[in-house]
Amino acid sequence: MDIKEYFARISYQGSYAKPDLATLTDIFQHHIRAVPFENLSIHCGESIELDLEATYNKIVRKKRGGWCMENNHLLSWVLKTLGYHVTLLGSKVYVPEYNAYADEIDHLLLKVVLDNKSYIVDGGFGMSYQIWQPMELVSGRDQPQTPGVFRFLEESGVWYLEKVKRKQWVPNQSISTSHNTEKEVCRRVYLFTLQPRDIEEFRARNTHLQTAPDSLFVTKSICSLQTADGIRALVGWKLTEIKYNYKDNMDLVEIRILADEEMEKTLKEQFNITLDKKFVPINTSRLSLF
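Residue numbers for the sequence shown follow the working numbering, beginning at 12 and rising by one.
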């Protein structure tokens, strides 16, 4: 870990001498605004590895993004290097179309203990359910953030993350395909336990998610990046920009369909990504990401 090279990648110029909550929050926010949540490797004929050196090379040196097992694995290395007490946790993501959580652990997140308090740090969920600040691990307390109000609920040792959403204003309704999102006020995000995990426990799922024909990540090409006031996301050929709390407790959602010849330029200009191999966009799944 070359911490200065990592900080240059995320444009972080603050202090890091003391491992406290303010520093953790600042580094975390720089990370999610510099490193996209993306699965483009799958759609470029590349494999996604869980080797830290490969992840570091991909995200820091090649200026790519990654999915949860890459982003949060790298973040755990960064935070441990800076003296934080970090534990890997595994979660099952909620799938609203099936009204159910995944059968197996399919998401990696981090627990960080500071001053005898536990915080969840998750820099690898992406889209509009990406938290913007470490969340204190307490049940039933609303924790308002710019993207919306998040909260944890705990039942018999199982923790649930959910987000209360604002209304959305979509000027270009003709190409909006989100269903039931207007009626959805609160979205369950994922469930998890506090059982410590090892990265080896994620290897099989890492392979499955990038190879199974029905995997969301095989059926959708995804690239999302948090911005100063919202997010931008490229899913298939659809470029979506959300500005949080644009007016009167309402998010502005702007959508544009791109042509194939716009893809490379859009990835470079909007996400700072340059791919080594030919990218083939896809969006055949009906699962909603917003």
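The beta carbon of each residue, even a glycine, is placed where N, CA and C say it ideally should be. All figures in this text were calculated on a predicted structure; none of them were measured in a lab.
For residue i, three-class secondary structure by DSSP
| i | result |
| --- | --- |
| W170 | strand |
| V160 | strand |
| A45 | helix |
| T285 | coil |
| A113 | coil |
| D37 | helix |
| N191 | Note that N191 scores a pLDDT of 49, beneath 50, so its modelled location is shaky and nothing firm can be said. |
| F18 | helix |
| I131 | strand |
| L32 | helix |
| M261 | strand |
| L202 | strand |
| Y27 | coil |
For residue j and residue i, believed in contact at Cβ under 8 Å, the rounded distance
| i | j | result |
| --- | --- | --- |
| F213 | M12 | In fact, because the Cβ distance is near 20 Å, the residues do not count as touching under 8 Å. |
| P145 | G94 | Their Cβ separation, rounded to whole angstroms, is 15 Å, which puts P145 and G94 out of contact at 8 Å. |
| K103 | Y109 | 12 Å between Cβ atoms; not a contact. |
| I293 | G247 | 6 Å |
| V123 | L99 | Not confirmed; about 11 Å, so no contact. |
| Q154 | R162 | 6 Å |
| I253 | S139 | 6 Å |
Residues that residue i bridges to, as DSSP identifies them
| i | result |
| --- | --- |
| R267 | L250 |
| V175 | V160, C197 |
| M146 | I131 |
| R152 | Paired residues: none, contrary to the question. |
| K122 | T98, I131 |
| R297 | Paired residues: none, contrary to the question. |
| E165 | W170 |
Exposure of residue i, with buried meaning 16 or more beta-carbon neighbours within 10 Å
| i | result |
| --- | --- |
| H96 | exposed |
| H190 | With a pLDDT of 48 at H190, under the threshold of 50, the modelled position of this residue cannot be trusted, and the question is left open. |
| E280 | exposed |
| Q24 | exposed |
| G151 | exposed |
| E49 | buried |
| L86 | buried |
| K176 | buried |
| K231 | buried |
| D271 | exposed |
| G168 | exposed |
| T295 | exposed |
| V196 | exposed |
| query | Which runs of the alpha helix (DSSP H) fall wholly inside the stretch 48-115 and span at least 4 residues, in chain order? | reply | DSSP runs (the alpha helix (DSSP H)) wholly in the stretch 48-115: 63-67, 79-92.
| said: To test your reading of the DSSP string, which unbroken alpha helix (DSSP H) runs of 4 or more residues are found completely within the stretch 213-251? | reply: The DSSP assignment places complete alpha helix (DSSP H) segments of no fewer than 4 residues inside the stretch 213-251 at 214-222, 227-230, in order along the chain.
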